[in-house]
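Residue numbers (the working numbering): 1 to 192.
First comes the structure, then the notes that go with it.
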């Protein structure tokens with residue numbers, strides 16, 4: 001059971017295929033000549049994949065500042081503004097005139113675009129290998145940062161810019177894992 005707060009989660013198959021966001025996205029993808037998500041043949045396997053979930057923990061202020069420092073304005077806007085992440089390559093964002101969980105419109109971003117952006121941020125922050133990995137245990141990144149925050153000496157002997165900005169490091173790691181999961185599993189992610 002999810003605790004209170006905002007979570008980034010893999011889309012539920014029934015909700016995704018029966019939802020207004022997926023229908024509007026399919027229509028927009030078709031208009032652009034792109035395939036729908038996922039191909040009809042893989043719907044059964046879509047439901048069997050391991051799920052993804054991370055709890056959005058710290059404020060995003062320093063992560064936003066990092067994005068503006070490292071990325072172009074268009075890249076930063078795309079990375080910071082999406083409500084749905086999908087494994088379909090397209091440029092920019094797709095704004096859909098349907099409500100998302102937290103607004104009056106859904107903003108869809110490509111995991112193909114998120115992954116290199118998150119990799120650049122991870123490199124600038126010098127994230128350790130245990131945060132760059134592609135493990136998909138539920139709440140893995142959230143738990144890792146909660147453990148670090150709960151141990152006064154947890155950062156002793158650790159180096160890298162990430163040790164001086166844990167909130168930015170959390171979001172860089174979360175988005176990196178989200179993009180890896182979305183592309184590997186072929187499953188959309190959304191906030192709830």
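Glycine is no exception: its CB is placed at the ideal position from the N, C-alpha and C atoms.
**OP:** May I have the straight-line CA-CA distance separating residue 106 from residue 162, to the nearest angstrom?
**Re:** 31 Å
Original post:
What number of angstroms, rounded off, separates the C-alpha of residue 149 from the C-alpha of residue 8?
Top reply: 21 Å
**OP:** Could you tell me the distance, in whole angstroms, from the CA atom of residue 181 to the CA atom of residue 171?
**Re:** 15 Å
Original post:
Which partner residues does residue 8 have in the DSSP bridge list?
Top reply: 54 and 191
Original post:
In whole angstroms, what separates the C-alpha of residue 140 from that of residue 57?
Top reply: 13 Å
Original post:
Does the separation of the CB atoms of residue 29 and residue 188 fall below 8 Å?
Top reply: no
Original post:
In angstroms, rounded to a whole number, what distance separates the CA positions of residue 203 and residue 31?
Top reply: An answer regarding residue 203 cannot be provided, because it is not within the stretch 1 to 192 covered by the chain.
**OP:** Tell whether a beta-carbon distance below 8 Å holds between residue 121 and residue 75.
**Re:** no
Original post:
Name the DSSP bridge partner or partners of residue 100?
Top reply: 103
Subject >> Other residues of its chain near residue 112: CB distance less than 6 Å, five sequence neighbours each side excluded >> reply: 89
Subject >> Boundaries (first-last residue) of the beta strand (DSSP E) holding residue 86 >> reply: 84-86
Original post:
Between 87, 102, 100 and 82, which lies nearest to residue 93 when the distance is taken from Cα to Cα?
Top reply: 82
**OP:** Below 8 Å CB to CB, which residues in the same chain sit around residue 128 once its five sequence neighbours on both sides are set aside?
**Re:** 158, 160 and 162
Original post:
In or out: residue 87 buried (at least 16 other Cβ within 10 Å) or exposed?
Top reply: buried
Original post:
Opposite residue 95 in the DSSP bridges: which residues?
Top reply: 107
Subject >> CA-to-CA distance, residue 12 to residue 78, given in whole angstroms >> reply: 23 Å
**OP:** Indicate whether residue 173 and residue 131 have their beta-carbon atoms separated by less than 8 Å.
**Re:** yes
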